[in-house]
Amino acid sequence: MWLRAGSTGKRPKLKYNLRLYRLGANLLSLCAVGQFRILDEDGKDHAPRSAKARAVLALLSVAPDQARSRSWLQTRLWSDRQSAQAAGSLRRALSDIRTALGPHRDILLTDGSVVSLDRDRIKIDFSTPPADSHVTLRADVFEGLDEIKDREFEHLLRDIRVLLGKNADPVPDFTAPRSDKPVILLEFVSGGESDNQLILQLARDRLHNQLSEHDIVVIAGTGFVLEGSNRNRNCVALRVCVNSADDATYMSFSTFLPTSGMQLWSEGALVPALFAAEGLLREATSMLSAIASQLEYVHKGDTRTSLQLSQSAVNANASNPLSWAMYSNALAVNGAQTDSYAAAERSVRLATGSYQQFFFEHFACMAAASLAEYDKALTHARMSLFMKPEFVSVRRYEIALTLRQHDAPASDRSITSMQRYEDVMTSTPPLPARFDQKTLDLIESVLNSNHLFYRRFDGTKSFADEAIEAFRNHLDIDYVATTSSGTASIHTALASLEIDAGMEVVVPPITDVGGLMPVIFQNLIPVFADVDRDSGMVTAETIQAALTEHTKAVIVMHHSGTPVDLDPILALCNEKNIPVIEDAAQALGATYKGKPCGTLGTLGAFSLNHWKHVTAGEGGFVATRDRALFEKCHHFADKYWDRLNSLDSGKNVKNHRIGLNYRLNELESALALDQLPRLADLVAHRKAAGDALRYLLAGLPGVVPQSDPQDSSSSYFLFTFRLADYATREAVIESLLLDASGRWDASRGYQNLLHRYPVVQQKAFFPGGVWPAEVVSGRKYDYNNIQLPNAEFYHDTSICMTLHQGFTHEHVKEIAGRVESALP
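In UniProt numbering, the protein residues as written are 1 to 824.
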C-alpha cells in the first residue's frame, strides 16, 4: 500500500526479480521485492507455504553459485536448536519446497552436505533500480521474511537488504526488554542525514510520552533482534525507513508481529522535503497510535482506551487507512456498529488502488456483517479475495455468508478455493459419531410428551428425574442436582456453602475460566495456589501456602481427566474445616483410588457440554453426600424454588433466598441418559490410546507425560505432557502442527493462566477496577505481580493434545515419532 500525503509524487517503479529459467520449459519468476512469490507463465504461485522454506530459497538465490551447505543453512535458520533437530527442520523445509514447485521441483538439488539451485538449468538475473531513484529498498527486499524468528537470520537478512538496497545503513542490534506488557519495537533506518535522525528522535520522544500515559507498551529504541526469552512476548514491530534527496524524502513503514510471524501491513511514500519533518512525525504518531489501539483491546480488553487511541490515530493522520480500520474495530467492540462500518468504508476508500486494499476490505466485511448487511459484507469479502485469493480469514467469511444466503453452489466454490490454500492434511482423526437411531428415538419421545420442563406435576418421573438417578447410581453417591453447565455447577456448589461475602476461595491457576467466574460473581475473592510443575495441578503444599485466616473454600481441578492427588489435600482441608469442591468437568469416568472423581470432596461439579465424555450439548450436575448441601444446590439452580417435595408448579412455593435459573431441561436430560451407558466403553478406548502414548513418551529424554496418582485412572479428556524448556516445547509444537505431511490438534499449554486474564488483573466488568467483595472485606488484592513459578513453567513448557475414542495405535505411534524427531 502506497500512501500519498500532500503533493506526494508517485512511487518509483521498482523491480527486483530473480528469474529462474528452466531450459526448454516454462519460465519461473521469483519476486525478491514485495510479496514473496514464484510465478510461472500462467501466473500460478509456486512459493512454499512455510516461511522457513521461502527463506531457504531466498538464501540460495543470493548465495555464491546459488549453493550453500546444509550446516550453513541450519545455522542461519535454526540457530537455537541442536544440530540433529535443525537437520530435521531443514529436511521438512526442503520437502515443502519440492511439493510447492511441483513439476519444477528438479531445480532444487540436494545431497548429504549441500543444497543448491541447478545453475545449468536456470539463469539468475537481478535488475536494479535507476541510480537516481533515491529509494531505500531495505524494507522492501524479501518482504514477508521478517517473520523468521531467528537471531542469525535477522543479522543476515539485514545485511542482504543493505547490500541490495540503496543508501540503507546497517542498524545496531537491540534486544527486546523483558516485559509482560505488549511491546512496540521500533527500528529506524535512514541515509544518515542529521535532519532525518532529529525527526526520528522527536517522533520517538513524542510517541513515548503519549503511549506511556496508557501504561500498555514499552517502546524499544533503534533496531532490534528478538531472542528466545522474548518470543513469548506480545510484540508488534514497526520499521521506519527514511532516505532524503535534494527534492524529496522517501519513507516506508513495515509492520508485523515478530512472535507469530504475521505481517500486518506495509506502506511508503515519496514526500517533498518541506513536508518531511512534520509529515513523518504525523505518520509515525498515527501508525503507533493505531497499533497501540489494537494491543490495548487484544491484550488488555480495555475497549474504552482502545477507542481513545484509535481516535488519536485518526486525528494524527486522517489519510491513513490503517488508522480508520483500527478506529472501525474499536467502534465495533464499543457497540457503535453503524459508525464502525462508516470508518471501515473510509479506510477502503483511502486504500483504493493500493496493493493492500484487500486488508481493509476485510474490516469492511466484518463491520457490514455486524450490522446484518450481509450483501455488503459479501461484496467486500469478494473484493478482498479478488486481490488476495489466499486470504483464508476472509475466505471463511465468504463461506459463512454464502451459506447464510442458502447459495450452495457459491459456498461449495468457496470451500474448494479455501482447500487450495489450506491443503495441509489434518492427521487428528475425526471424533466418531456419538448419536444413533436410539438417540433420535429418545429425543422424539421427549418431544411427543409435549413437556420440556424438568419437573412433572402429575406424579410421573421426568427424564431429568431419570438422569439424576442414573448419575447417582453411576457415581455411587447419595445426591445429585442438575445444572445448565459446568460453570453453573461450580457456582451452584459454591453458593450452597453460603460463604460470607469478601471471604477467600483458593483456586487453581490452570483451569477453564468457568472455574473462576463463579467465585467473583458470588462476591468472594479468588486466591491462586501454585501447582506441581509436572502435572500442572495444585497440591496440598501449594494450597497450604495460599491459605489465610480468610479462606473459606478450596476448588481443585482434575486436569484433562487426570485425578489430582486428593488424599493429602482432603487431610489438610478437613483439619482446618475448609470444604473442598472438586472440579470434575473433565473427569467423568476417572477414578481416584477406586472411587469416582467428584465424589471424594465436599461437593463435585460436572459438565455435560459438547466436548465432554458424556454430552447433552450443554448441562451439568453437582454431586454430594450431604443432604443439606444437596437441597441448597437444588434450590439455587431453580431460582430458589423449593420443588423437592412438592408437585405444585410453584404457585405456593416461596423463594426464600437468591437463586439463578440453572435448570437442565428435558431434551438435555434425555441426551445425558442416552450417553451415560456408553461412557465405560468410551473411556476404555481413550485409556488404551492414552496409556500407550504415555508409555512411548515416558521413554524420551526431557518429556514428562501426564501421570495418575497411585491406584488411580485418568479418563483422558485431553492428553498433556511437558518438555524440558520453552525452546524444546516450541520445536515439538512445530513438529506437531507444521509438518508438511499433516498436523495434529495440539496447543501450547491449556488456555492461559487465569491470573493473566484482564478480568483478574484489571478486575474488568466492575467500575473502577474494584470487586464488590473487596469493598465488603476492606481488603485490596493486586494480581499483577503474583508469583506462581511452577504454573508459569508448566504453562510455558506443556502441550495439550486432543485424544478421543477414534485414536488408534498407529495414531499414537505417529505422535510419539513427531515428538521424538523434534527433541534436541
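Even for Gly, the Cβ is constructed at its ideal location relative to N, Cα and C.
As the structure is a computational prediction, the values presented were derived from the model and not from experiment.
Check, Outcome
"Cβ neighbour criterion (16 or more within 10 Å) applied to Y695", "exposed"
"Close Cβ partners of residue 853 (< 6 Å) along its chain, the five nearest in sequence each way excluded", "Nothing about residue 853 can be read from this structure; the chain reaches only from 1 to 824."
"Exposed unless 16 or more other CB atoms sit within 10 angstroms - verdict on H610", "exposed"
"Beta-carbon proximity of T562 to S714, cut-off 8 Å", "yes"
"Which of helix, strand or coil DSSP assigns to L383", "This sequence places Met at residue 383; Leu is not what is there. Helix at M383."
"Three-state secondary structure assigned by DSSP to S116", "strand"
"The ligand GDP heavy atom lying under 7 Å from the CB of E373", "Looking for the ligand GDP in the displayed structure turns up nothing, as the structure carries no ligands at all."
"Of the listed residues L679, G112, L723, I107, nearest to R91 (C-alpha basis)", "G112"
"Rounded C-alpha distance that separates L62 from S116", "Position check: residue 62 holds Val in this sequence, whereas Leu was assumed. The alpha-carbon atoms of V62 and S116 are separated by roughly 11 Å."
"Cβ-based burial, G459 [other Cβ within 10 Å; buried from 16]", "exposed"
"A433 burial status per 10 Å Cβ neighbour count (16 or more: buried)", "exposed"
"Beta-carbon spacing of N523, A773 below 8 Å", "yes"
"Exposure label - residue 827; buried when at least 16 CB within 10 Å", "In the structure as shown, the chain begins at 1 and stops at 824. Residue 827 is therefore absent and cannot be evaluated."
"Y794 versus I107 - alpha carbon distance", "45 Å"
"Assigned secondary structure, A109 (DSSP; H/G/I helix, E/B strand, else coil)", "Contrary to the premise, residue 109 reads as Leu rather than Ala in this sequence. Of the three classes helix, strand and coil, the one that applies to L109 here is strand, per DSSP."
"Best match in D638, F386, M387, I399 for proximity to A369 [C-alpha to C-alpha]", "I399"
"Three-state class that DSSP yields for G261 in the structure shown", "Note that G261 scores a pLDDT of 39, beneath 50, so its modelled location is shaky and nothing firm can be said."
"Contact check, H559 vs I510, beta carbons under 8 Å", "yes"
"Short Cβ contact (8 Å threshold) for A467 with S669", "yes"
"8 Å contact criterion, which L516 and L753 should meet: CB distance rounded", "Wrong, their Cβ atoms sit about 11 Å apart, outside the cutoff."
"Cβ contact (3+ pairs, closer than 8 Å) linking the segment 325-341 and the segment 361-381", "yes"
"Nearest neighbour of L447, chosen from A529, F457, D436, S462 [CA to CA]", "S462"
"Own chain, CB closer than 7 Å to V703, minus 5 neighbours either side, in chain order", "L697, F721, L723, V819"
"Meets three-Cβ-pair contact criterion under 8 Å: the segment 542-557 and the segment 565-575", "yes"
"Cβ pair count under 8 Å reaching 3, the segment 606-626 against the segment 475-491", "yes"
"Distance between E390 and P579 (C-alpha atoms, nearest Å)", "55 Å"
"Touching by the beta-carbon criterion (3+ pairs, under 8 Å), the segment 771-786 and the segment 654-667", "no"
"Inter-residue CB distance, W72 and S89 (contact presumed, cutoff 8 Å)", "In fact, because the Cβ distance is near 14 Å, the residues do not count as touching under 8 Å."
"Rounded C-alpha distance that separates L588 from L673", "14 Å"
"Three-state secondary structure assigned by DSSP to V519", "helix"
"Three-state secondary structure (DSSP) of M326", "helix"
"Residue from T439, Y374, D65, A344 with nearest C-alpha to F360", "A344"
"7 Å Cβ shell around A731 - same chain, five flanking residues per side excluded", "R81, Q85, A822"
"Continuous alpha helix (DSSP H) assignments of at least 4 residues falling wholly in the segment 664-732", "666-675, 679-698"
"Rounded C-alpha distance that separates G817 from P508", "32 Å"
"Close Cβ partners of R68 (< 8 Å) along its chain, the five nearest in sequence each way excluded", "L59, L60, V114, V115, S116"
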